[in-house]
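If you read the sequences in order, they're chains A and B. According to this note's numbering, the first sequence is numbered sequentially starting from 1. According to this note's numbering, the second sequence is numbered sequentially starting from 1001. Backbone N, C-alpha and C define an ideal beta-carbon position, used for all residues, glycine too. Being a predicted model, the structure only gives us computed values, none of them experimental. This report concerns only the one structure given below.
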Amino acid sequence: MSVSREQLIDFIYDEARMLDEGRYDEWLALWLDDGHYWMPLDYKQTDPHLVTSLLYEDMFMLRLRVERLNGARTFSQKPKSRCHHVIQRPFVDEMDGDRFVTNTSMHYVETRLDEQFLLALTATHELRLVDGALRIASKRVDLLNSDAAFGNIQLLP
Amino acid sequence: MTNAADIRALFNGPQVHRDVYTSAELYRLEMRHLFTDAWIFVGHDSQTPKKGDYFTTQIGDQPVIQVRHSDGEIHVLHNRCPHKGTKIAIDRDGNTGKFFRCPYHAWSFKTDGCLLAIPLKKGYDGTGLGESENGKGMKAVGAVHVHRGFVFARLAEEGIGFEEYFGDSLSSLDNMVDRSPAGRLEVAGPPLRYMHQCNWKMLVENQTDTCHPMVAHESSAGTAVKIWEEMGNPEPRPVAMQIIAPFMSPYEFFEDMGIRTWPNGHGHTGVNHSIHSDYEAIPGYFEAMVEAYGEERAKAILDENRHNTVYFPNVMVKGPIQQLRNFIPLGPSRTLVESYIYRLVDAPDELLARTAMYNRMINAPTSIVGHDDLEMYERAQEGLLSDGMEWVDVRRLRTGPEDFSEQDVENGTTERQMRNQFDAWVKFMTASMEDA
Ligand code: FES
Ligand SMILES: [Fe+2]
Chain A
1 MSVSREQLID FIYDEARMLD EGRYDEWLAL WLDDGHYWMP LDYKQTDPHL VTSLLYEDMF
61 MLRLRVERLN GARTFSQKPK SRCHHVIQRP FVDEMDGDRF VTNTSMHYVE TRLDEQFLLA
121 LTATHELRLV DGALRIASKR VDLLNSDAAF GNIQLLP
Chain B
1001 MTNAADIRAL FNGPQVHRDV YTSAELYRLE MRHLFTDAWI FVGHDSQTPK KGDYFTTQIG
1061 DQPVIQVRHS DGEIHVLHNR CPHKGTKIAI DRDGNTGKFF RCPYHAWSFK TDGCLLAIPL
1121 KKGYDGTGLG ESENGKGMKA VGAVHVHRGF VFARLAEEGI GFEEYFGDSL SSLDNMVDRS
1181 PAGRLEVAGP PLRYMHQCNW KMLVENQTDT CHPMVAHESS AGTAVKIWEE MGNPEPRPVA
1241 MQIIAPFMSP YEFFEDMGIR TWPNGHGHTG VNHSIHSDYE AIPGYFEAMV EAYGEERAKA
1301 ILDENRHNTV YFPNVMVKGP IQQLRNFIPL GPSRTLVESY IYRLVDAPDE LLARTAMYNR
1361 MINAPTSIVG HDDLEMYERA QEGLLSDGME WVDVRRLRTG PEDFSEQDVE NGTTERQMRN
1421 QFDAWVKFMT ASMEDA
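See the structure below:
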């Protein structure tokens, strides 16, 4: 089976929509078991391990993160946050057999109570074709202002 | 409210008045008195390793530059041109070469602040500029002391000495540095920067608040433990679980860990053990420590598992994981938290990887544990606007008048360290204040 450019682009749109609609079980199912979600702290950071990042999470941490959102005693989500992605048509940078890389510019808005903030970012997805389905091997989110001071960012760009 | 008696009335032992968290006037007095007369953390010398390297930060609300002068010494200068006030450096760090040059009219200054040159200088002949304060150059802070790489400064020209101010509390910083086989730390990357809409003191108090983790962090640490159980408690536990699970330790764990207080508002949790005690050994590290220190001394260094050490007024250090958090006050209800990590020179990289993981899991604006805490601070900041009650209670395990001038060790759930901070707060707020 081969994957078209359009299928890759649709995948990125679908992922953003899952996050906006809070369909986290479906979202977790997109990931490969050894996937990592990385949000660097430093502009053009190359190392996720020996300097701090905003996020560098494996599947255990991502599962914890989304399960916590619905916890009975998750006070920072009482009331809940909402988020909204506006994405530009993804670039497909690599199509190499069953491995694909896309690059997507987004505006991400998150809100809770009377507060709302906007982040501009670029997401780099590494996707794999496994048993006929596209899966996320890694997702890197570079915030345009990654070195700025932020208040809580509670949901996922 | 500007006299010492009014300040003293805000802390009566078991309680502290809510104005200390909400009043703009008290915030202004904190900046002019407490943050001027006390010793305040600036940075680490590895942030400015080479001559001409500088780093910009704040001491209280005062913009300053930490810079490595041509003689190799660290200087801390007010970040303000003596001509018309322009900030000399606005990037977070850089190298200025042999001198600073103001971008407005090109007055230049040596890296110890001394005036170097003014263009068209004859325009100042006979004007008296040379005799004025402004004609000397960029102003240095009152005093600077570098303790094992950590740079502290006192804005005031006169005041308490560094050793007297910190005393035995320096043992926590020393233990953090001793954990390097080379006895040296190096900053590892930029700090996390997390904005809090609350008073800076709430953050400092929370560092020794041992009755909140199992409650406020049930959502994050409790969920982690629950998921791990559902998975059948597989061993070995990954580093992430080693880091987060101890937050759910029961009350007895925190009672038994103990709290030590030192004079001048310093203190730490984890006298006997801490949430950092049960991390897995990292291959090669103990061997490197024994090589450097001998077995007995290496064991003594590593057996010390202090949890959070508060350096009054506004930093916290975690020795076992080489981390420093700087609570920078930006207003009565606004605090910037900068969380730094350090590399233990000559230790295996796995230690730094664990430290970096701790930092992003616990101290980032994206951290679920951070979300738990910030929610409580911001609710408190808003709740304190209520006129229903004026006083905040800090009397846990206080049974009578307390003397904070001697070191003391108590049950780990005491709020004594918070009271110790307010005792020091009154002391340094009023040190240079009129007595009504
Ligand atoms: S303001 Fe700096 S030289 Fe004029
Ligand atoms: Fe906490």
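Amino acids of chain A, ordered along the chain, whose beta-carbon sits closer than 7 Å to that of residue i
i	result
residue 1360/B	52, 53, 54, 55, 56
residue 1341/B	52
residue 1117/B	Ordered by position in chain A, no residue passes the 7 Å Cβ test against residue 1117/B, which lies about 34 Å from the chain.
Contact set between residue i and chain B, taken where Cβ atoms lie within less than 9 Å
i	result
residue 42/A	1189, 1190
residue 59/A	The contacting residues do not exist; residue 59/A stays about 11 Å from chain B at best.
CA nearest to the CA of residue i, picked from the options
i	options	result
residue 140/A	18/A, 9/A, 55/A	55/A
residue 1211/B	1305/B, 1258/B, 1200/B	1258/B
residue 1221/B	1072/B, 1362/B, 1021/B, 1430/B	1362/B
residue 7/A	91/A, 33/A, 82/A	91/A
residue 1202/B	1422/B, 1427/B, 1430/B	1422/B
residue 1031/B	1314/B, 1244/B, 1060/B	1060/B
residue 1396/B	1007/B, 1006/B, 1014/B, 1008/B	1014/B
residue 1141/B	1008/B, 1048/B, 1296/B, 1155/B	1155/B
residue 1431/B	1038/B, 1262/B, 1027/B, 1130/B	1038/B
residue 152/A	1370/B, 1387/B, 1390/B	1370/B
residue 1373/B	1416/B, 1247/B, 1324/B, 1256/B	1247/B
residue 1303/B	1274/B, 1070/B, 1329/B, 1403/B	1274/B
residue 1343/B	1122/B, 1334/B, 1320/B, 1405/B	1320/B
residue 1099/B	1114/B, 1091/B, 1090/B	1114/B
residue 1082/B	1102/B, 1301/B, 1228/B	1102/B
residue 60/A	1229/B, 1200/B, 1333/B	1229/B
residue 118/A	14/A, 53/A, 148/A	148/A
residue 1192/B	1368/B, 1413/B, 1356/B	1356/B
residue 1387/B	1022/B, 1012/B, 1002/B	1022/B
residue 111/A	81/A, 43/A, 100/A	81/A
residue 1400/B	1005/B, 1003/B, 1004/B, 1012/B	1012/B
residue 66/A	50/A, 132/A, 24/A, 34/A	24/A
residue 1307/B	1327/B, 1243/B, 1295/B, 1106/B	1243/B
Limits of the unbroken alpha helix (DSSP H) element including residue i
i	result
residue 1429/B	1416-1430
residue 1200/B	1200-1206
residue 66/A	59-69
residue 1226/B	1223-1230
residue 1240/B	1239-1244
residue 1172/B	1170-1178
residue 1250/B	Segment: none, residue 1250/B is in no alpha helix (DSSP H) and carries neither H nor E.
residue 1141/B	From DSSP, residue 1141/B is part of no alpha helix (DSSP H); its letter is neither H nor E.
Within chain A, the residues that residue i reaches when beta carbons sit closer than 8 Å
i	result
residue 1195/B	149, 150, 151
residue 1470/B	Examination of residue 1470/B is not possible in this model, given that chain B is present from 1001 through 1436 alone.
Within chain B, partners of residue i - CB distance below 8 Å
i	result
residue 76/A	1219, 1371, 1372, 1374, 1375
Extent of the continuous beta strand (DSSP E) run through residue i
i	result
residue 158/A	What the structure shows of chain A is the stretch from 1 to 157, and residue 158/A is not part of that stretch, so it cannot be assessed.
residue 1440/B	Absent from the structure is residue 1440/B, since the part of chain B shown begins at 1001 and ends at 1436.
residue 135/A	133-143
residue 1133/B	Unbroken run through residue 1133/B: none, as it is neither H nor E.
residue 40/A	31-40
residue 1259/B	1259-1261
residue 1008/B	Segment 1004-1008 is the alpha helix (DSSP H) holding residue 1008/B; no beta strand (DSSP E) there.
7 Å Cβ cut-off: residues of chain B touching residue i
i	result
residue 67/A	1223, 1227
residue 71/A	1219, 1223
residue 170/A	Outside the modelled stretch of chain A, which goes from 1 to 157, sits residue 170/A, for which no answer is possible.
residue 63/A	1227
Proximal residues of chain A, C-beta to C-beta of residue i below 9 Å
i	result
residue 1349/B	49, 50
residue 1353/B	49, 50
Chain C residues whose Cβ lies nearer than 8 Å to that of residue i
i	result
residue 1356/B	Reference to chain C is not applicable here, since the protein chains of this structure are A and B.
Worksheet item: Listed from N- to C-terminal order along the chain, which residues in the segment 1171-1187 of chain B have their beta-carbon within a distance smaller than 9 Å of any beta-carbon of chain A?
Response: None of the residues of the segment 1171-1187 of chain B has a beta carbon lying less than 9 Å from any beta carbon of chain A.
Problem set entry | Where the segment 1363-1378 of chain B meets chain A: residues whose CB sits under 7 Å from a CB there | Going along the segment 1363-1378 of chain B in chain order, one finds 1364, 1365, 1366, 1368, 1371, 1372, 1374, 1375 with a Cβ nearer than 7 Å to chain A.
Please name the residues in the segment 96-125 of chain A whose beta-carbon is closer than 8 Å to at least one beta-carbon of chain B, in chain order.
Against chain B - using a Cβ distance shorter than 8 Å - the segment 96-125 of chain A contributes no residues.
Every unbroken alpha helix (DSSP H) inside the segment 1274-1301 of chain B [4 residues or more]: As far as the segment 1274-1301 of chain B is concerned, its whole alpha helix (DSSP H) runs of at least 4 residues are 1285-1293.
task: Give, in chain order, every residue of the segment 1223-1252 of chain B whose Cβ lies closer than 9 Å to some Cβ of chain A.
output: In summary, the residues of the segment 1223-1252 of chain B whose CB is separated from some CB of chain A by less than 9 Å are 1223, 1224, 1226, 1227, 1228, 1231, 1238, 1240, 1241, 1244, in the order they occur in the chain.
Can you list, in chain order, the stretches of the beta strand (DSSP E) that have 3 or more residues and sit fully within the segment 1373-1410 of chain B?
-> Listed in chain order, the complete beta strand (DSSP E) runs (minimum 3 residues) inside the segment 1373-1410 of chain B are 1391-1393, 1408-1410.
Chain B contacts made by the segment 10-41 of chain A, where a contact means CB separation under 7 Å: For the segment 10-41 of chain A, which is checked against every Cβ of chain B, the residues closer than 7 Å are 39, 41.
Please list the residues of the segment 1395-1413 of chain B that have a C-beta atom closer than 9 Å to any C-beta atom in chain A, keeping them in chain order.
Residues: none.
**Item:** Every unbroken beta strand (DSSP E) inside the segment 1010-1072 of chain B [3 residues or more]
**Value:** Secondary structure within the segment 1010-1072 of chain B: the beta strand (DSSP E) runs of 3 or more consecutive residues, fully enclosed, are 1015-1017, 1040-1044, 1053-1059, 1062-1068 (chain order).
| said: Any residue with its Cβ nearer than 7 Å to a heavy atom of ligand 4 should be included. What is that list in chain order? | reply: With respect to small molecules bound, the structure shown includes ligand 1 and ligand 2 and not ligand 4.
Minimum length 3: unbroken beta strand (DSSP E) runs contained in the segment 1298-1371 of chain B: Within the segment 1298-1371 of chain B, the complete beta strand (DSSP E) segments at least 3 residues long are 1309-1311, 1315-1318, 1323-1331, 1334-1344, listed from N- to C-terminus.
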